[in-house]
């Protein structure tokens, strides 16, 4: 069979995970003074109320969206997980688009695109996620940050919830020349559960991947962005989305995944 190169639209996601062997130490990081500004948003569509927090000038939902639409699911298809983590959405459901929609950047890129969010709110762009991450990173103590960079980890400690994260070591972790025991000892001070200093309450909700398997609950989180991009290769009918923001094994990255993946949604106020 001839090989054909295709330009394939991709959507973006954000991801977070936890690692380390010990409980957080009482001598962990010293937090700078920060008082979150909390609020609520009422979703008139189903009567649910969500907590909100203002971070770096943007008002974010402090909970994952739990609004039921077609092609939205509970982790492991169990309703109890929807109550705990909110729903997981295919990209077209998060964007409130038809399943055949491809290359919609001209209507969504750089704009406040409501998608599945309540009226007056929108699905975050990649830039809005970046702004959140950079602000959280700016609050980390310089000595902790320097160590974490040296051993190959970046912690989203101030965004993570205070409970729910499983404390396991990642595969093939890199310790920058430190012994594994020492690296894990230092990381145990600020890994596993977070401080939730900024009131974002990032939960390890896991997701359902391109192979239709539910994975990483307790260890990772992923969120859709409204962005789409093109990549080379793939199959003609297998279009990709920029799976929002990945937080996993204490690293964060934007990755391209199939739009049929099922991922969490956070909304930002217009």
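In the numbering used here, the protein residues as written are 625 to 894. Even for Gly, the Cβ is constructed at its ideal location relative to N, Cα and C.
- Rounded to whole angstroms, the separation of the alpha carbons of residue 761 and residue 694 is 36 Å.
- The beta-carbon separation of residue 891 and residue 741, rounded to 4 Å, stays under the 8 Å limit for a contact.
- Assigned with DSSP and collapsed to three states, residue 699 falls in helix.
- For residue 708, the three-state secondary structure derived from DSSP is helix.
- CA-CA distance, residue 673 to residue 667, rounds to 6 Å.
- In terms of Cα proximity to residue 893, the closest of 780, 840, 743 and 783 is 743.
- Nearest to residue 884 by alpha-carbon distance, out of 820, 833, 851 and 677, is 833.
- In the DSSP assignment, residue 684 falls within the unbroken beta strand (DSSP E) covering 682-685.
- Residue 763 is not a Cβ neighbour of residue 835, given a cutoff of 8 Å.
- Per DSSP, the continuous alpha helix (DSSP H) segment holding residue 751 begins and ends at 750-762.
- Bounds of the beta strand (DSSP E) holding residue 661 are 661-667.
- According to the DSSP assignment, residue 673 belongs to the beta strand (DSSP E) that extends over 672-679.
- Rounded to the nearest whole angstrom, the CA to CA distance from residue 712 to residue 880 is 17 Å.
- In this structure, residue 663 keeps its C-beta atom at 8 Å or more from the C-beta atom of residue 687.
- Taking residue 840 as the centre and dropping the five residues before and after it, the same chain places the C-beta of 830 closer than 6 Å to its C-beta, in chain order.
- For residue 665 against residue 676, the beta-carbon gap comes to about 6 Å, under 8 Å, which counts as contact.
- The Cβ atoms of residue 822 and residue 758 lie no closer than 8 Å to each other.
- Of all alpha-carbon atoms in 754, 888 and 706, the one lying nearest the alpha-carbon of residue 878 is that of 754.
- In this structure, the CA atom of residue 745 is about 6 Å from the CA atom of residue 738.
- The DSSP-derived three-state label of residue 879 is strand.
- Counting of Cβ neighbours within 10 angstroms places residue 671 among the exposed residues, the total staying below 16.
- Ranked by how close their Cα comes to the Cα of residue 696, the residues 718, 661 and 704 have 718 in first place.
- When DSSP reads this structure, residue 741 sits in no beta bridge, so it has no partner.
- Per DSSP, the beta-bridge partners of residue 784 are 826.
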